[in-house]
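**Q** Residue numbers (the working numbering), protein chains in the order written: chain D, 3 to 102; chain F, -15 to 162; chain P, 229 to 898; chain H, 32 to 379. Here a beta-carbon is modelled for each residue, glycine too, at the ideal position from N, C-alpha and C.
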Amino acid sequence: MVPLSYYLVLSGILFACGVTGFLIKRNIITIFMSIELMLNGVNLSFVAFAAQWHALSGQVFVFFVMVVAAAESAVGLAIIIAVYRTRETLNVDRVNLLKL
Amino acid sequence: MLHLLVFSVFGLVCVAGAVNLLVQRHPINSALSLVVVMGSLAVEYLLLGAEFVAAVQVIVYAGAIMVLFVFVIMLLNAGEEERTKGSRVAMLFGIPGMLIGSVLVAWVLLEHSGTGNVATGALPGPPKVIGWLLFHDFLLPFEVTSVLVLIAIMGAVVLASHPGSVEQRSTQQDKREG
Amino acid sequence: MTPNLHLWLIPVLPLVGAALNGLFGKRFSRQTISAIALGFSGAALVMALWIAAQFSSLTLPCIETLATWIRAGDFQVDFAFYLDQLSLVMLLVVTGVGFLIHIYSVGYMWEEGGFYRFFSYLNLFMFFMLTLVLASNYLLMFIGWEGVGLASYLLIGFWFTKDSAASAGKKAFIVNRIGDFGFLIALFLMIKHFGSLNFEQVFRIVSGLPAEATGAGLLTAIGLLLMVGAAGKSAQLPLYVWLPDAMEGPTPVSALIHAATMVTAGVYMVARSHVVFDRAPQALMVVAIVGTLTALFAATIGVCQTDIKKVLAYSTISQLGYMFIGCGVAAYSAGIFHLMTHAFFKGLLFLAAGSVIHAVGGEQDMRRMGGLRHHIPWTFWTMTAATFAIAGFPPFAGFFSKDAILWQAYSSPYGSWVYWAIGVFTAFLTSFYMFRLWFLTFFGEYRGEAAASEHVHLAGGSRAGAPAPHEHGHGGIHESPTVMLIPLVILAVLSICGGWVGSERFDKFLAPALHSGVTAYSPEQAAVATPAPEPREHGASEGLLTSISILAAVSGLFLAWLLYQRRPQLPQEIAHALGSFYDAVVHKYYVDEIYAAVFVKPLIDGSTRILWHGIDRDVIDATLDNSAEGAREVSDAMRHMQSGNLRSYAGWIAAGAAVVIAYMIWMGTR
Amino acid sequence: MGIGTFILVSIIKIVVAIGVLLTAVAYTVWLERKVVGHIQNRWGPTRVGPFGLLQPLADGVKFIFKEDLIPPHAYKPLFIAAPMIALIFALTSISVIPIGNWITVFGIHTPLEITDVNIGLLVVLGITSLGVYGVALAGWSSNSKYSLLGGLRASAQMVSYEISLGLSLVGVLILAGSFSLRDIVDAQAGTYWGFIPRWNIFQWPPQIIAFFIYLMAAYAETNRIPFDLPEAETELVAGYHTEYSAMKFAMFFMAEYANMITVASLATLLFLGGWHGPHRFGPPLLQAILPVFWFAAKIFAFLFLYIWVRGTLPRFRYDQLMAFGWKFLLPLAIANLVITALIVALRA
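#1: Check Glu274 of chain H in the structure and name its three-state DSSP category.
#2: For Gly182 of chain H, go through chain F and note every residue whose CB falls closer than 8 Å to its CB, in chain order.
#3: In angstroms with no decimal places, state the Cα-to-Cα distance between Ile724 of chain P and Leu790 of chain P.
#4: List the residues of chain F that Ile37 of chain D touches, going by C-beta distances under 9 Å, in chain order.
#5: Please classify Asn404 of chain P as buried or exposed, where buried requires at least 16 neighbouring CB atoms within 10 angstroms.
#6: How long is the line joining the alpha carbons of Phe346 of chain P and Gly477 of chain P, rounded to whole angstroms?
#7: With a threshold of 8 Å between beta-carbons, can His(-13) of chain F be considered close to chain D, or not?
#8: Does the beta carbon of Leu10 of chain D come closer than 8 Å to any beta carbon on chain C?
#9: Taking the CB atoms as reference points, tell me whether Gln464 of chain P and Phe667 of chain P lie closer together than 8 Å.
#10: Taking Cβ positions, are Ser14 of chain F and Leu25 of chain F nearer each other than 8 Å?
#11: Taking 8 Å as the threshold (beta carbon to beta carbon), is Leu102 of chain D in contact with chain P?
#12: So, is the C-beta of Leu893 of chain P closer than 8 Å to a C-beta in chain F?
#13: I'd like to know whether the C-beta of Val163 of chain H is nearer than 8 Å to at least one C-beta of chain F.
#14: Using a Cβ-Cβ distance cut-off of 8 Å, determine whether Val44 of chain D contacts chain F.
#15: For a quick check, are the C-beta atoms of Ala516 of chain P and Tyr349 of chain P less than 8 Å apart?
#16: Below 8 Å, how does it come out for the segment 115 to 126 of chain H and the segment 286 to 296 of chain H: are there three or more Cβ pairs, yes or no?
#17: Looking only at its own chain, which residues have a Cβ that is under 7 Å from the Cβ of Leu368 of chain H, when we skip the five neighbours before and after it?
#18: So does Gly598 of chain P have its beta carbon nearer than 7 Å to some heavy atom of the ligand ATP?
#19: Under three-state DSSP, which class holds Trp133 of chain H?
#20: List the residues of chain D that Ile84 of chain F touches, going by C-beta distances under 9 Å, in chain order.
#21: According to DSSP, is Ile139 of chain H part of a helix, a strand, or is it coil?
#22: Taking Leu31 of chain F as the query, report the chain P residues whose CB atoms sit under 9 Å from its CB, ordered along the chain.
#23: If you follow the alpha helix (DSSP H) that Asp391 of chain P is part of, which residue opens it and which one closes it?
#24: Using a Cβ-Cβ cut-off of less than 8 Å, list which residues of the segment 9 to 22 of chain F approach chain D; keep chain order.
#25: How close, in whole Å, do the beta carbons of Thr159 of chain H and Ser124 of chain H come, if the pair is a contact with beta carbons under 8 Å?
#26: State buried or exposed for Tyr223 of chain H, treating a residue as buried only when at least 16 other CB atoms are found within 10 Å of its CB.
#27: For Asp535 of chain P, which beta-bridge partners are listed by DSSP?
#28: Taking Cβ positions, are Gly43 of chain D and Gly14 of chain D nearer each other than 8 Å?
#29: Mind the definition here: the segment 501 to 520 of chain P touches the segment 609 to 623 of chain P only if three or more C-beta pairs lie below 8 Å; say whether that holds.
#30: Got a sec, what are the start and stop residues for the alpha helix (DSSP H) Asp90 of chain H sits in?
#31: Can you tell me which of P:Gln282, P:Phe356, P:Ala263, P:Leu314 puts its alpha carbon nearest to the alpha carbon of Phe343 of chain P?
#32: Pick helix, strand or coil for Asp99 of chain H, following the three-state DSSP scheme.
#33: Answer yes or no: do Ser629 of chain P and Phe565 of chain P have a C-beta to C-beta separation smaller than 8 Å?
#34: Residues of chain D with CB closer than 9 Å to the CB of Gly879 of chain P, please, in chain order.
#35: On the CB-based measure, 16 or more other CB atoms within 10 Å of its CB, does Gly468 of chain P come out buried or exposed?
#36: Short of 6 Å in beta carbon distance, which residues of its chain neighbour Ile240 of chain H, apart from the five on each side in sequence? Order them along the chain.
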């Protein structure tokens, strides 16, 4: 028997790692992965709650999250490719044309 | 007991993968560690009785999305992450802030969330029921997401295709039509 | 039961003419324009005459209400017209003289550009003047009051391309503003205390009030304020300064507006509100003093003027002073009487002067004239009549009115021998400078550059750079066309016979309108009235006084003859003898300069320094500029958040999210 | 059954399964060489043992003793990990594939598979979808343009065809109404009119189209001719495993053939009625063994088809491959799915 809070803490840790990665990583692809990581953490909490409250809608929600993540990653990676074509770099610190 | 064991083992694997994602300097390693995270998450889902979710997690996330990531990494031949000096502000506030925040959240969760145990396989998610939910209760969101996916596909194609090539294709089509 | 007179038609007719000429005049031929102008003003005259014809059968005052204008609570102002003896007299004077001057203008302005403009303005003036005269309440009167100001502004600045003309127009307008300010305040006081502006109601209420013999009260205040307005409009001290400059306008305008009609509006107004003045002796005294001083002051200036129109202008001012003396001693009928006669002979004088200027080709300086009586006999004779009239020679019109005024000034309970003395001296001066003008203009031999070189003179003349009143350059000194002479003749006849009515009959005629006799000797008035200087010797002293004033006139004539006919070099010597005083008089006592120094300059400096630099630039503009500058600086500081660095954005987002989460935790765990 | 016996039985099953599978792999290789040889009018391996039956053994020995080269600029950890990943996933996927009914040996009642999960199909799909990592990482880590191209092609191709493959299976799932492979097989038991088996390809609505879609998608998934672009010898030397030698190469080799067997068995289970064969006959023991035999036979037939196609068809061009996958197979699979769903819905 595992307390719900354990799952929640785990998902929280994953989410925090995702946020941290988003903040500290410089490679735009890795940043994307961090986003995926956050989503996964959220998914875990969804499933855990679904199990806790015996509501399958939690799992259904996970599917939606996955679909959105898939679409987002597809577009995002396309954007990354476009950026790489024009800027010849994947370092977000160098992709700063919007500065000042 | 066994469940707690399994949970903690794969939870640790999970966290390790996540941390590794941060530590690794090469995107491909980060990607693989993320795959590890997803796999262990799938196991957690199984533990929670969400078999279908687990399977889909593996197939879609690990099998498709992450493959896409790896593919892009290979395509762009992304190398080691170059070192640029991080801002001192982030060093000063970010790390302690993150620590404090995570500790706080963990404490709150442990203290204030329902401490009722989650029976393993408590909620067997038979695909039939999930399908029922998807196509009845969540029909509208389902359709909306389908539209979203369509748009995403088109957007991805347009973005990733060479502008020049798009030009060529359109001109060729004009020739064909004209 | 009085038949409906359709009084409203009288003002409206000229308005129609003005509208027609003003809107479509550009396309009309000069004949059409003059036809329209004369037609409508003539129609007004005809109506006035028709009303006068059946006047005896009317029950006066008859009031015709056209429509309700303002209704606020129990305060109501109507478009209503008020006809009584007083307004009838004014009506006849305005329409009559106005019509004659219209005729004259057709000839005078024929060659001018903006012909239609001129006549539409002229008709507009008629409309406003008639509104003023016929108004049945102070507000409508004020509309006419302002309207004639506007018309005079437009007409003074008729040659608006000429700087002096434009500024003269502005000067007239602004100076009038000051007077109108007083007038307005008077109206407000009436509204506050009487709750109405209709003549009847106001007068009824006022009649109930006791006279303010001792100490100034409400009525005195109203009276004084009205007097301020009158002083502005009728060019009395200290607001007379605009009138001489107004001579920049075409001569017919000077005749109509600045001699015959408009400038007398003040007199009319004072007479109209005599009820107030009767109960405010202080105000009356002020009126009288102002009138006296103005008369003397303007007369002295007039003595030294060399511009023929300026001389007439100052004489106008001084004659207006006479009228105010009349009103100031509660002898309103005398004032109005003089107003009428003055309208005749002063109009005639101006028209004749215009004819003279016309004859010598734009020359206005009398020193360049002379010996014209052979060249322009008609003008000469008519002007002679007018001169004798204004000089107060019996049996010309001016004699009767001026004599009535002087007599009243001496004998009326409000009068005193000081007024009389100054009046007589002024009469002497008047006749002196008028005959000076007469001699200089018509006698001796022509002193202007040879008539042959008239064009050269014109080119270098005083009207350089502006459309001269007549570019028709057929050389030589020539008599004016008939259309200009007809009015001269008519007015000459009037200024000879106009006074034969006699002041007593005139007084009786006007008595119902302004019960001067009644108010003057009503018991309560008698109680408060300053005791008349031994009224017993009226009979004796009247003849005496009359003879004295005649003597003054004659001596004026003699002196003028002596100086300008017999010993032409004498004036210079006198001038040298007088020295600085003479200069002061020549420069009109430097009044304009004083005003410029005392009022205008501080005003300009104040508005420049305080209003423009101080408030507009340093406060208003500065507020805007500084706020914009501040916004720019703030955003300049803020934009460093927009580092373009994705991760810094992410940091901001994370920080915000952290705050929100902390808040939620706090709320949840509380 | 106690936990101890459970673990014991599981271990036994795993060992047996791995052994059988590896043997099968080895002899699939031998079979291919033989068949292709005959197709090309030559003998194929003949020297080692009768009919060269020991050839796989010799190959194994050779691979083991070969020198193991690692290119200097390769990314070492992944270079080493890649083949293992490939082989592991390839072998793991077999664990949920049933090869027969439940049997009782020594009083222990157990299914003829390593573990019986009720989402077996999904597990198989998931594991096979993970198999791509081996190829992709191998191609990338060996830091050679041929390998990289091969890896790119492999990953792109596998991800693309996975969709068609999955969709082609949904029809079967609709018919069976379950993810459990055992249920799916049981749903195909029996015959029409005594002689037509109730295989899914013969069922109503027939999944024959789905079967062929699956066939082609499976070829692409396993990088077999005509879709062996990732290792196209004529253009990419050897594709993603150009730089590999010795045991690592052998792992890729085994992984490929193990995948072949996996998809073959999957096809057998889903479309060809699994272990159900003609009517039962013979003694009980034989009856107990027969299903396994039928199953093996079907797999053999499927593998033979594989080899036959390889010996027959030329290779696609890459754009043709992608166009075929996205513009032909995918719409076809969707159409098949829709039609099947419609018919089932109307029949219900």
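**A** To lay it out plainly:
#1: Shown here, Glu274 of chain H sits in coil according to DSSP, grouped into three states, outside any helix or strand.
#2: Under the 8 Å cutoff, chain F gives Met58.
#3: Each residue's alpha carbon lies about 26 Å from the other.
#4: Neighbours of Ile37 of chain D on chain F: none; closest Cβ ~11 Å, over 9 Å.
#5: It counts as buried.
#6: Going by the C-alpha atoms only, they are around 11 Å apart.
#7: By this cut-off, His(-13) of chain F is an interface position.
#8: In the structure shown, chain C does not exist; the protein chains are D, F, P and H.
#9: Going by C-beta atoms, Gln464 of chain P is not nearer than 8 Å to Phe667 of chain P.
#10: In this structure, Leu25 of chain F does not lie closer than 8 Å to Ser14 of chain F by Cβ.
#11: Residue confidence for Leu102 of chain D is low, a pLDDT of 48 falling below 50, so the modelled location carries little weight; the figure read from the coordinates is stated next. So, interface residue.
#12: A quick correction: the sequence has Ile, not Leu, at residue 893 of chain P. The C-beta of Ile893 of chain P comes closer than 8 Å to at least one C-beta of chain F.
#13: At least one chain F Cβ lies under 8 Å of Val163 of chain H.
#14: Answer no: the Cβ-Cβ gap between Val44 of chain D and chain F never drops below 8 Å.
#15: Result no, Cβ atoms of Ala516 of chain P and Tyr349 of chain P do not sit closer than 8 Å.
#16: The segment 115 to 126 of chain H, when compared against the segment 286 to 296 of chain H, does touch it at the 8 Å Cβ threshold.
#17: Once the five neighbours on either side are set aside, the close Cβ partners of Leu368 of chain H are Leu198, Val201, Gly202.
#18: Inclusion of the ligand ATP in the displayed structure is not the case, the ligand content being empty and no account of it being possible.
#19: Note: Trp133 of chain H maps to strand in three-state DSSP.
#20: Counting only Cβ-Cβ distances below 9 Å, Ile84 of chain F has no contacts in chain D at all, with the closest Cβ about 11 Å away.
#21: The three-state reading of DSSP puts Ile139 of chain H in strand, counting E and B together.
#22: Listed along the chain, the chain P residues whose CB falls inside 9 Å of the CB of Leu31 of chain F amount to none; the nearest CB is some 27 Å away.
#23: That run of the alpha helix (DSSP H) goes 391 to 422.
#24: For the segment 9 to 22 of chain F, which is checked against every Cβ of chain D, the residues closer than 8 Å are Pro11, Ser14, Ala15, Leu18, Val21, Met22.
#25: That pair is a contact at about 6 Å.
#26: Classification of Tyr223 of chain H: exposed, given that the 10 Å Cβ count is below 16.
#27: Asp535 of chain P is bridged to P:Asp593.
#28: Taking a C-beta distance under 8 Å as the contact criterion, Gly43 of chain D and Gly14 of chain D qualify as a contact pair.
#29: Result no; under three Cβ-Cβ pairs closer than 8 Å.
#30: In the DSSP assignment, Asp90 of chain H falls within the unbroken alpha helix (DSSP H) covering 86 to 96.
#31: Selected option, being the one with the closest Cα: P:Ala263.
#32: Coil at Asp99 of chain H, not helix or strand.
#33: Contact flag set, yes.
#34: Going along chain D in sequence order, the residues near Gly879 of chain P (Cβ under 9 Å) are Leu25.
#35: The amino acid occupying residue 468 of chain P in the given sequence is Tyr; Gly does not appear at that position. So Tyr468 of chain P counts as buried.
#36: So the list reads Asn367, once near-sequence residues are dropped.
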